[in-house]
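First the structure, in the form of structure tokens, and then the observations on it.
Protein chains in written order, with this note's numbering: chain A, 38 to 203; chain B, 38 to 203.
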């Protein structure tokens, strides 16, 4: 990690800002009551609220939106050294987004049960994502006839000399 | 589901388009060699390639980008009735995004091992996401002192009369 563990005051300040951002999003009709704040070395570098409804974007959860904004601000897809503050524990999509972003630490406020109590139940998503592909409720089919072409589309990456790893 | 299972020809056509989109993204320097196509009733309603590098957005995987584009085109965060075609099996972020989007069916080309062979190993992410919060490599802390405020920020949703469920 790039910096020391923040003070309790700092953690509470950023978490309270996440509550504010959540309220802004909800009251503005953007989506559900979720807010996220990303800070680096004690400074906010990205914020986001849920905007699934307003943007017609099922991926626009608070955490994803905050990650996008922080990436833009830092001109980097790698958010190492950053910490994220969210009012509720992230769903699997957002949790994996936090991992891909290489964020150092996650702080959260409410329990999954609290989100479920207001109609946002992530338990189903965690159950499904834990299953093997064939066992998921989502029908999934491999197009076997095009396997060679599919593999070739990936292998092309290795011939690209200026590729950036992420 | 809103429509019948597509013909093999239709499935191959959309999958081949996913390969094309993947190549466009890779050759344009947007990111890794991944492409996704979303179709509804036999018509493409959204496409996307990985653009993590160009957009400084760690969430801009092909599937997420295609979902965003389809949501915009259909003016709906609910992509029920849609099918998604991807050249490789999705990571947990994208798999959960597909679930949130209520997409009917997933078609894929290459195996996770093929993506791992070119340096994109999702196995770690699947391992981590399957763990309980406390067991993950990602340090995670609940801000217990603000629990009441966190819960209140969620409960505010129930007082909003014009809320849209998603």
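All C-beta atoms, glycine included, are put in the ideal place defined by N, C-alpha and C.
In summary, the residues of the stretch 41-52 of chain A whose CB is separated from some CB of chain B by less than 8 Å are 45, 48, 49 and 52, in the order they occur in the chain.
Residue contact check for residue 151 of chain A against chain B: a CB pair falls below 8 Å. For the options A/45, A/166 and A/87, the alpha carbon positioned closest to that of residue 57 of chain A is the one of A/87.
Assignment of beta-bridge partners to residue 119 of chain A by DSSP yields A/77. Setting aside the 5 residues that flank it on each side, residue 51 of chain B is surrounded in the same chain by 74, 76 and 122, each with a C-beta closer than 6 Å to its C-beta; the list follows chain order. Here residue 136 of chain B is near residue 162 of chain A, since their CB atoms are less than 8 Å apart. For residue 164 of chain B, the enclosing alpha helix (DSSP H) starts and ends at 160-167.
Rounded to whole angstroms, the gap between the alpha carbons of residue 193 of chain B and residue 155 of chain A is 9 Å. With distances taken between CA atoms, residue 130 of chain A lies nearest to B/167 out of B/117, B/113 and B/167. For the stretch 177-200 of chain A, the beta-carbon criterion of a distance under 7 Å to any beta-carbon of chain B is satisfied by 177, 178, 179, 180, 182, 183, 184, 186, 187, 188, 190, 191, 192, 193, 194, 195 and 197. Interface with chain A (8 Å Cβ-Cβ cutoff): residue 109 of chain B is included. The Cβ atoms of residue 67 of chain B and residue 94 of chain A do not sit closer than 8 Å to each other.
In the displayed model, residue 175 of chain A falls within coil according to three-state DSSP, outside both helix and strand. Think of a sphere of 7 Å around the beta carbon of residue 105 of chain A: the chain B residues whose beta carbon falls inside it are 94 and 96, in chain order.
When Cβ-Cβ separations below 8 Å define contact, residue 81 of chain B makes no contact with chain A.
Selection B/182, B/120 and B/128 evaluated against residue 47 of chain B yields B/120 as nearest (Cα-Cα). The C-beta distance from residue 43 of chain B to residue 79 of chain B rounds to 7 Å, short enough to meet the 8 Å contact threshold.
Not flagged as an interface residue toward chain B: residue 67 of chain A, since no C-beta distance is shorter than 8 Å. Note that the C-beta distance between residue 107 of chain B and residue 83 of chain B is below 8 Å. Boundaries around residue 142 of chain B are those of the beta strand (DSSP E), 142-147, since no alpha helix (DSSP H) includes it.
For the stretch 122-140 of chain B, the set of residues with a beta-carbon nearer than 7 Å to any beta-carbon of chain A comprises 124, 125, 126, 128, 129, 130, 132, 133, 134, 135, 136, 137 and 138, in chain order. Collapsing the DSSP output to three states places residue 83 of chain A in a strand.
For residue 125 of chain B, DSSP records a beta bridge to B/147.
Listed in chain order, the positions of the stretch 148-175 of chain A with a beta carbon within less than 7 Å of a beta carbon of chain B are 151, 152, 155, 156, 162, 165, 166, 167, 170 and 175. Within the same chain, 159 and 162 come within 6 Å of residue 128 of chain B by CB-CB distance, once the 5 residues on both sides are set aside.
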